Amino acid sequence: MFKRILIANRGEIAVRIIRACREMGIETVAVYSNTDRNALHVDLADEAVCIGPPRAQDSYLNAENIISATVLTGAEAIHPGFGFLAENSKFAEKCKACNIAFIGPDAEVMEMMGNKAKARQVMAEAGVPLVPGIEGILESYDHALQAAEIIGYPIMLKASAGGGGKGIRVVRKPEELRNAYDIAKSEAKAFFGDDTMYMEKLIEGPRHIEVQILADAYGNVIHLGERDCSIQRRNQKIIEEAPSTFLTGEMRKAMGETAVRAAKAVGYKSAGTIEFLVDKDGSFYFMEMNTRIQVEHPVSEFVTGVDIVREQIRIAAGETLSVNQEDVVIGGHAIECRINAENPALNFRPSPGKVNILLWPGGNGVRVDSALYSGYDIPPIYDSMIAKLITHGRDRNEALCRMRRALDEFIIEGIDTNIEFLFQILNNERFIQADIDTGFIAKEFDYK
């Protein structure tokens, strides 16, 4: 097992990884930008190294500085968390070249699955059901126009290297295609440095359901059930839950087996997620594979009792999975709400600033993942998510009642948050009845 791990991230996921390492008896190294010198992950780690100025490009995306910090502090491995360099295959290659273990899949697999067009091709060869679309990438606008006519409107333009809802546009008629194509390519170039696009048929009113998988280096691959991530705004997840109320036992078994088959097809190793779109008839289609820990991993941990971060570390250290598929039993129901520093009434404008008063919710079945503390000054240049509130109950109703109670106890003063918006969702009758899909927010609320 590793003796020392460097965490190449910040915020709540860095804190989450540090806690897992402490429980495993592993020393930790935090990295931070100038603006994060007072961050909680810096204080909790055994050692901390400044890796650059505030801009992510100069610090948390600075591969050379992160690897230098790893060598300098004697860390044997790097955990990238999510975001930043977590799905950067070139970074994983650099780690390998420097004899540093990358806590994630191999670079070749990351490269293959990180390109959405390539991933579709690989999954098709493995017999995984796909959303109807083109094979390969769009060569030009004229190619896009021809492809859309063949597939049939409405369609979705997607960035091949995309993620996090960026580089995606829905097109419902031919006259909308030109503008959508240009904007999506421009956005893809700005966020991912890669403006290649592909096209899929738009599945109307789908659920977004993902399956958590774990795979070691010895061919053992299991799944930890599914998460329903349908509550989204502009393709950004807001609330996630496990298990899905929509799936029958037969559907759940089929999706789990398909996810395992997909992971085996690419020789996957580490924690990962196979994401599916599920239509109203229960047919499911591969959407993408996330080759990292997910923001919403705690709901799977709550219902299975498996520590996913711990398993990631064990796999990277060359150990076998600590559980097999027969050990995985789904118990109860879990819900996660993402707490963001933003003002929904002002078009979700970010709300950085000093946290004057902070009161955490608690009690049975309540978990908070966060790096906040009273007096912390939230910087304006990073993601607005400041905490994740997760509740667990014997069934969905108990988890939901517990979430409302916990949100009511959650006090953050000094900044605006989306807590009131979350209350509105949780008290919506359609949500209570689990009558949801990816268009839920747009249909039920004025927030666009």
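When the letters of the sequence shown are read in order and numbered with this note's numbering, they come out as residues 103 to 550. Glycine included, each C-beta is placed from N, C-alpha and C at the ideal position. Note that the structure is a prediction, hence the values are computed from the model and not measured.
If I'm right that residue i touches residue j with Cβ under 8 Å, what's the distance once you round it to whole angstroms?
i: residue 230; j: residue 389; result: In fact, because the Cβ distance is near 11 Å, the residues do not count as touching under 8 Å.
i: residue 179; j: residue 418; result: 6 Å
i: residue 517; j: residue 443; result: 5 Å
i: residue 279; j: residue 246; result: 6 Å
i: residue 223; j: residue 237; result: 6 Å
i: residue 413; j: residue 310; result: Not really, about 24 Å apart at Cβ, beyond 8 Å.
According to DSSP, is residue i part of a helix, a strand, or is it coil?
i: residue 329; result: strand
i: residue 351; result: helix
i: residue 512; result: coil
i: residue 278; result: helix
i: residue 374; result: strand
i: residue 499; result: helix
i: residue 71; result: In this structure the chain extends from 103 to 550, so residue 71 is not present and cannot be described.
i: residue 358; result: helix
i: residue 471; result: strand
i: residue 334; result: strand
i: residue 487; result: strand
i: residue 137; result: helix
i: residue 305; result: coil
i: residue 130; result: strand
i: residue 577; result: Since the first and last residues shown for the chain are 103 and 550, residue 577 lies out of range.
i: residue 452; result: strand
i: residue 320; result: coil
i: residue 518; result: coil
i: residue 536; result: coil
i: residue 382; result: coil
i: residue 235; result: strand
i: residue 479; result: strand
i: residue 396; result: coil
i: residue 461; result: strand
i: residue 283; result: helix
i: residue 312; result: strand
i: residue 273; result: strand
Spatial neighbours of residue i within its chain, please: C-beta separation below 7 Å, excluding the five flanking residues on both sides.
i: residue 402; result: 314, 326, 327, 329, 344 and 410
i: residue 382; result: 307
i: residue 142; result: 117, 473 and 475
i: residue 275; result: 255
i: residue 496; result: 434
Let me see if you follow: with CB-CB separation under 8 Å, is residue i close to chain B or not?
i: residue 249; result: Any reference to chain B falls outside this structure, which holds one protein chain only.
Tell me which residues share the same chain as residue i and place their Cβ nearer than 6 Å to its Cβ, disregarding the 5 neighbours each side in the sequence.
i: residue 243; result: 283
i: residue 523; result: 446
i: residue 123; result: 107 and 130
i: residue 317; result: 323, 365, 370 and 371
i: residue 463; result: 508, 511 and 512
i: residue 162; result: 186
i: residue 136; result: 155 and 156
i: residue 269; result: 261, 286, 289 and 290
i: residue 478; result: 457
i: residue 536; result: 347
Given residue i, which residues of its chain have a CB within under 8 Å of its CB, disregarding the five upstream and five downstream residues?
i: residue 521; result: 441, 509, 512 and 514
i: residue 529; result: 506
i: residue 198; result: 204 and 209
i: residue 200; result: 169, 172 and 173
i: residue 271; result: 258, 259, 282, 283, 285 and 286
i: residue 211; result: 368, 369, 370, 371 and 393
Identify the continuous beta strand (DSSP E) that holds residue i and give its terminal residues.
i: residue 388; result: 386-392
i: residue 438; result: 435-442
i: residue 259; result: 257-261
Taking residue i as part of the alpha helix (DSSP H), name the residues at either end of that continuous run.
i: residue 425; result: Taken as a continuous stretch (DSSP letters only), residue 425 belongs to no alpha helix (DSSP H), as it is neither H nor E.
i: residue 268; result: It is not in any alpha helix (DSSP H) - residue 268 carries neither H nor E in the DSSP assignment.
i: residue 214; result: 209-216
i: residue 149; result: Element bounds for residue 149: not the alpha helix (DSSP H) but the beta strand (DSSP E), 149-154.
i: residue 108; result: Taken as a continuous stretch (DSSP letters only), residue 108 belongs to no alpha helix (DSSP H), being part of the beta strand (DSSP E) at 106-109.
i: residue 146; result: 142-146
i: residue 247; result: 243-253
i: residue 122; result: 113-125
i: residue 180; result: It is not in any alpha helix (DSSP H) - residue 180 instead sits in the beta strand (DSSP E) that spans 179-181.
i: residue 415; result: 410-418
i: residue 205; result: That residue, residue 205, is in no alpha helix (DSSP H); it is neither H nor E in DSSP.
i: residue 542; result: 542-546
Is it the case that the CB of residue i approaches a heavy atom of the ligand SAM more closely than 7 Å?
i: residue 461; result: Among the ligands in the structure shown, none appear at all, so the ligand SAM cannot be discussed.
Would you check if the segment 324-335 and the segment 287-306 touch, i.e. whether three or more CB-CB distances between them fall below 8 Å?
Verdict: no, contact absent.
Are the segment 421-432 and the segment 479-489 touching, with three or more C-beta to C-beta distances below 8 Å?
no
Measuring CB atoms only, is the segment 428-438 touching the segment 371-380, in the sense that at least three cross pairs come out at less than 8 Å?
no
Flag this pair as touching only if the segment 299-308 and the segment 350-360 have three or more C-beta atom pairs under 8 Å; answer yes or no.
Using a C-beta cut-off of 8 Å, the segment 299-308 makes no contact with the segment 350-360, since fewer than three inter-stretch Cβ pairs fall below that distance.
I want to know whether the segment 165-174 touches the segment 192-212 - three or more CB-CB distances under 8 Å.
yes
Would the segment 445-456 count as touching the segment 109-125 if we require 3 or more Cβ pairs under 8 Å?
In the pairwise beta carbon analysis, the segment 445-456 is classified as not touching the segment 109-125: fewer than three pairs are separated by under 8 Å.
The segment 261-274 in contact with the segment 206-225 per 3-pair CB rule at 8 Å
yes
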